[in-house]
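**Q** Encoded as C-alpha cells, here's the structure I'll be asking about.
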Amino acid sequence: MALKQARDKFWAVAAMGLAAIATLAFGIFVFAQRSDALAREREESVITNGLAARVHEIEHLVVPNAVWDDSVRNLDNHFNAAWAHDNIGQFYESTGGFGFAIVLDANDNVRYAMLNGEDAAPSEAAEHQTTAIAEIRTVRERERETRLNRDALANANQASSIHWINNRLFIVTATLVQPDFGRAQLIHEQAPIVLTGRELDQDFLSAFADRYMLEDLHLHEGDAMSEPAQAHAPLRNAGGDIVATVDWIPEQPGIDLLWEALPAVIALFTVMLGITLALFLRAQNARKGLELSEQRSAHMARHDSLTRLPNRVHFEELMFDAVVHAAKANSPFGVLCVDLDRFKELNDTYGHDIGDEALKQAAERIALRAGAGNACARLDGDGFAVLARGSGRDVQVLADEIVAALGAPFELSVGARLIGCSIGVALSDKEIFEPLEMLRRADMALFRAKAEGRGCYRVFDDAMDEELKTRRELRDDLRTDLAEGRLQMVYQPQVRLSGEVVGVEALVRWTHRTKGPISPAIFVPLAEESGLIQALGEFTLRQAAKDSLRWPGIKTAVNASATQLQTPGFVDKVREIVTEVGSRPSWIEIELTEGVLFTNEQQMREALSELHDCGFSIALDDFGTGYSSLSYLPRFPIDKIKIDRSFVTELGHDAKSDALFGAIVRLAQALGMRVIAEGVETHEQWLRLTAAGCPKVQGYVCSKPLSADATVAFIQHLDGDGERPSVMSA
507 MALKQARDKF
517 WAVAAMGLAA
527 IATLAFGIFV
537 FAQRSDALAR
547 EREESVITNG
557 LAARVHEIEH
567 LVVPNAVWDD
577 SVRNLDNHFN
587 AAWAHDNIGQ
597 FYESTGGFGF
607 AIVLDANDNV
617 RYAMLNGEDA
627 APSEAAEHQT
637 TAIAEIRTVR
647 ERERETRLNR
657 DALANANQAS
667 SIHWINNRLF
677 IVTATLVQPD
687 FGRAQLIHEQ
697 APIVLTGREL
707 DQDFLSAFAD
717 RYMLEDLHLH
727 EGDAMSEPAQ
737 AHAPLRNAGG
747 DIVATVDWIP
757 EQPGIDLLWE
767 ALPAVIALFT
777 VMLGITLALF
787 LRAQNARKGL
797 ELSEQRSAHM
807 ARHDSLTRLP
817 NRVHFEELMF
827 DAVVHAAKAN
837 SPFGVLCVDL
847 DRFKELNDTY
857 GHDIGDEALK
867 QAAERIALRA
877 GAGNACARLD
887 GDGFAVLARG
897 SGRDVQVLAD
907 EIVAALGAPF
917 ELSVGARLIG
927 CSIGVALSDK
937 EIFEPLEMLR
947 RADMALFRAK
957 AEGRGCYRVF
967 DDAMDEELKT
977 RRELRDDLRT
987 DLAEGRLQMV
997 YQPQVRLSGE
1007 VVGVEALVRW
1017 THRTKGPISP
1027 AIFVPLAEES
1037 GLIQALGEFT
1047 LRQAAKDSLR
1057 WPGIKTAVNA
1067 SATQLQTPGF
1077 VDKVREIVTE
1087 VGSRPSWIEI
1097 ELTEGVLFTN
1107 EQQMREALSE
1117 LHDCGFSIAL
1127 DDFGTGYSSL
1137 SYLPRFPIDK
1147 IKIDRSFVTE
1157 LGHDAKSDAL
1167 FGAIVRLAQA
1177 LGMRVIAEGV
1187 ETHEQWLRLT
1197 AAGCPKVQGY
1207 VCSKPLSADA
1217 TVAFIQHLDG
1227 DGERPSVMSA
C-alpha cells in the first residue's frame, strides 16, 4: 500500500513535472511564434516605409528637368524633338536609369518617347500611356485645382504608381511641366506631362536589399501577403490594389530562442525554477533585441552606412523642419553643399578602400566644425551637406572653417594627401524657401565655387541663375558651331635655338557670332560638362592632321583629355582620322597633362602604349605642376616633356630653381625623352635654357599662335634665311 502510494505519488510528481515541462515548452513555442510574428510585422513596416521613401527619391529625380523654364519653352511653347531627346530621354536614362520617358502634349498625345534607352515612335508608347491613365488624370485634376486656386504653392505636380508593363514592373510617375523661375510661361490651357518609368529590376532590388540588409529579396507578382515563411511588403497601384509584393526571409529571433532554450529545459528538469527564470530573462533580452533591431533598421533607412551621417532623405526632413521653424520664429538658417575637390583622383589612383577612409575623415571634420546645433549629411558620393542655424554671417564663418578643416592633409593608409573642398551656400535671411529650392541654390553656388578655382565657398545670388542660363545658351551655341565647323585652329611653333622649327602645337579657338572670342578656359570645360569633348577633340585632331600635310615631317601636337583617352575605341578613332586625311602617325604628337595619367592609371597606360605602338609620339604638358613624384615617368611611353613656364620665369633668379631645372632636363635625357620649355618670352631666357641643356622652346620669343597659312610662311621664312626668330608681338 505504501509502495503503491509512493508509486502513485511518484507518477503524480512525474506527471506534474512532465506537464510542467510540456506547459513550459508549449509556452516557449507560442512565445517564439509571437516574437517572430512581431519581428516580422515591424520589419514589414520598416521596409514598406523604405519603399515609399525610395519612390519619393525617384520622383525627385524627375523634377529638375520637368519643372524648368527650358522645359516650358521646348515642350509647351514649341516642341523641340532634339531638346526632348537630350534633356528628357537621354538625361533620365543616363542619370536615373529610367526604362522609359514619354512627353505628352496638352491633349495627352505622345509627342516624344524613349523606351529602353532608344527613341521610339509615339505608337510604341501607347501601352505605357494607357497603363498610366490614372496618374495622368490625377495630374490633370491637380492642374485644374491649382489654376482655380492662384494662392496654391507652386510645388511639383506629380502622381506615381506601380504597374506591370510587358511583364516588367515599373514605378511610373506622371510629372506636370512647369516653369521654375517664371522666365517662360505656358501658352496652352493644359501643360505637357513627362511620363517616366523606373523598373524594379534586379539592380534595384539588390541595392535595396543591401541598404536594409535583407536576405533573399525578390518580387512576387500579385498578392502574396498570405504566403507563410516569408515577410512581404505590398506594392499597390493608384487604386490601392496589390500588383506585386516584395518578399524576403525575415529574422526569426523567437525560433532561435526556442532551439536554444528547449534542450536546456529538458536537461535541467531538476532546476525547473532556475530554467524558468533563465527563460524569462532570455525572453526579456529577446524583446529588447527586437526593439534594438527595429531602432537599428529605422536608423539605417535614414542614415549613410559608411559615415553614419543622415542621408539625403533624412536631410530633406530636417530641412523641412527648419523651414517650418524659421517661418514661425523668424530664425534664419543656411544650407551648405560640400564637395571634395580631389576625391575622384584619389579614389581612382588608390582604390575604394582609401576613398572610404577619406570620406570617413571628411565626415568627422565636417561634423566637428558644424557642432551639435547643426545637422550634417552625406548626400551622395563625395557630396556632403550641412544645415546651419544662425545668421548669414554665422553660416559663412562655418563655411570658411569647413574649407580650412578639409584643406588640411588627410592622414590615410597611403600617407598624407591633400584633398580640399568647395562649398556652395544658400541663405534664408530674407526669404524662407522650399527645402529642395534651398538645396538647388546651394548646389548652384557650389558650381560657382568650383569654377572659381575650388578650395573656397560661394554664397548664392540671383546672378547665378542668370549665369546658368547664359552658360546653357553658350553650350547650345558651342554645339551648333561645332556641328557646323565654325571653330578655328591656330598653331604655335616650337623652335630650336639654331632657328629650326621642330614642331607646332595645335590650339583650338572659338569666335562666337555675337560675343566674339571665347577663351578656351571657358569653352573646353563647358565641352567636358556637356558631353561635347569627344566632338571637339575629333574636330581638333582632324583639322590639325589635315594642316600637318602643309609642313610634312614636322610634329603637330594635339591635346587629349582624360575623357577622350578613356572612351572605348579612342585609339582606333585617332588612327582612322589621321589615315583618312592622308597624314601620318609619325607627324602627330598626342599631348596630355600629368593629371590625366592618374585618372585611371592602368587604362591610361594601355591607351598610351597602343598609340605609341601605332607610331604616334606622346608629350607630357605642364610638367612639374602636377604630381610631385617623378617615379611614374618610366611607367608610361612618354617621348617628350614640356617644362612649365613657371620654371622658365624663375631660371637665373634662384640657384635652387636653376638646379631643379637642370635636374629635370638630365632626368628626361636619362630616360631617353626629348625636352622643350614653354612660355619662353625673352632671348635671355632662351640662352639660359640652352645652357641648361634645353635649346628647344615654345613661346612668344619665337611666335604667337598663327593661322595655318601664317605657320607655313613662318616655317618657310626660317628655312629661307636660317636666322633665329625675334620676339613677336601679340
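Per my numbering, the very first residue in the sequence shown carries number 507; after that it's consecutive. Quick reminder that beta carbons are idealized off the backbone N, C-alpha and C, glycines included.
#1: If I follow the unbroken beta strand (DSSP E) through D722, where does it start and stop?
#2: So is D1160 buried or exposed if we call it buried at 16+ other beta carbons inside 10 Å?
#3: Could you tell me whether the Cβ atoms of T1046 and V1077 are closer together than 8 Å?
#4: What did DSSP end up calling A922 once you bin it into helix, strand or coil?
#5: In this structure, does DSSP put E1229 in helix, strand or coil?
#6: Near A744, what residues of its chain come up, given a Cβ to Cβ distance below 8 Å and the 5 sequence neighbours on each side ignored?
#7: In whole angstroms, what is the alpha-carbon distance linking A627 and D614?
#8: Say whether the segment 1178 to 1185 touches the segment 1145 to 1152, bearing in mind that this needs 3 or more beta-carbon pairs closer than 8 Å, one atom from each stretch.
#9: In whole angstroms, what is the alpha-carbon distance linking F1220 and L621?
#10: What is the DSSP secondary structure of T637, reduced to helix, strand or coil?
#11: Going by alpha carbons, who is nearest to D886 out of A1041, T637 and T813?
#12: In angstroms, rounded to a whole number, what distance separates the CA positions of L952 and S1152?
#13: CB-CB under 8 Å to H809, same chain, minus the five flanking residues each way: which ones, in chain order?
#14: For P698, report the span of its alpha helix (DSSP H) as first-last.
#15: If you drop the 5 nearest sequence neighbours on each side, which residues of the same chain put their C-beta closer than 6 Å to that of P1211?
#16: Bridge partners for D845 per DSSP, in chain order?
#17: Determine contact between the segment 680 to 696 and the segment 588 to 599, defined as no fewer than three beta-carbon pairs at a distance below 8 Å.
#18: Can G913 and G961 be called in contact, C-beta distance under 8 Å?
#19: Find the nearest neighbour of R1194 within the set L1173, S1163, E649 and Q1175, judged by alpha-carbon distance.
#20: Do you know offhand how far R788's Cα is from R954's?
#21: In whole angstroms, give me the CA-to-CA distance for A715 and W574.
#22: Return helix, strand or coil for T1260, following the three-state DSSP convention.
#23: How should K1021 be labelled, buried or exposed, when 16 other C-beta atoms within 10 angstroms of its C-beta is the threshold for buried?
#24: Could you pull out every residue in the same chain whose Cβ sits closer than 7 Å to the Cβ of E649, ignoring the five residues on either side in sequence?
#25: Could you have a look at Q1040 and say whether DSSP puts it in helix, strand or coil?
#26: Pick helix, strand or coil for N672, following the three-state DSSP scheme.
#27: The ligand FMN and A697: does any heavy atom of the ligand fall closer than 7 Å to the residue's C-beta?
#28: Would you tell me roughly how many angstroms separate the C-alpha atoms of L1173 and E1100, rounded to the nearest one?
#29: As a quick exercise: from I1028, I925 and V609, pick the residue whose alpha carbon is nearest that of T976.
#30: Would you mind working out which of T652, E565 and A828 sits nearest L701, comparing C-alpha positions?
#31: Quick check: the Cα distance between D1128 and L933, rounded to an integer number of angstroms?
#32: For R674 and V568, I'd like the C-alpha separation in whole angstroms.
#33: Per DSSP, what kind of secondary structure is M825 in: helix, strand or coil?
#34: Comparing C-alpha positions only, which one of G623, P756, H562 and V1007 sits nearest to R548?
#35: Throw me the rounded Cβ distance for the A894 and N880 pair, which I believe falls under 8 Å.
#36: What does a CB cutoff of less than 6 Å around V1030 pick up in its chain, not counting 5 residues either side in sequence?
**A** If we stick to the structure as given:
#1: E721 to E727
#2: The C-beta of D1160 has fewer than 16 other C-beta atoms within 10 Å across all chains shown, which makes the residue exposed.
#3: no
#4: Three-state DSSP puts A922 in a strand.
#5: Caution applies to E1229, whose pLDDT of 49 falls short of 50 and renders its modelled position unreliable; the value that the coordinates give is listed next. Three-state DSSP puts E1229 in coil, outside helix and strand.
#6: A640, E641, T644, A665 and S667
#7: 15 Å
#8: yes
#9: 55 Å
#10: helix
#11: Nearest option by C-alpha distance: T813.
#12: Rounded to whole angstroms, L952 to S1152 spans 29 Å at the Cα level.
#13: L815, P816, N817 and H820
#14: Neither: P698 is in no alpha helix (DSSP H) and is coded neither H nor E.
#15: V996, Q998 and L1013
#16: G889 and S928
#17: no
#18: yes
#19: S1163
#20: 59 Å
#21: 34 Å
#22: Shown here, the chain extends from 507 to 1236; a query on residue 1260 therefore has no answer.
#23: Exposed.
#24: N663, L682, Q696 and A697
#25: helix
#26: In this structure, N672 counts as coil in the three-state DSSP scheme.
#27: With respect to the ligand FMN, the structure offers nothing, as it holds no ligand at all.
#28: Linking L1173 to E1100 through their CA atoms gives a straight-line distance of about 16 Å.
#29: I1028
#30: Of the listed residues, the one whose Cα sits closest to L701 is E565.
#31: 40 Å
#32: 20 Å
#33: helix
#34: P756
#35: 5 Å
#36: none
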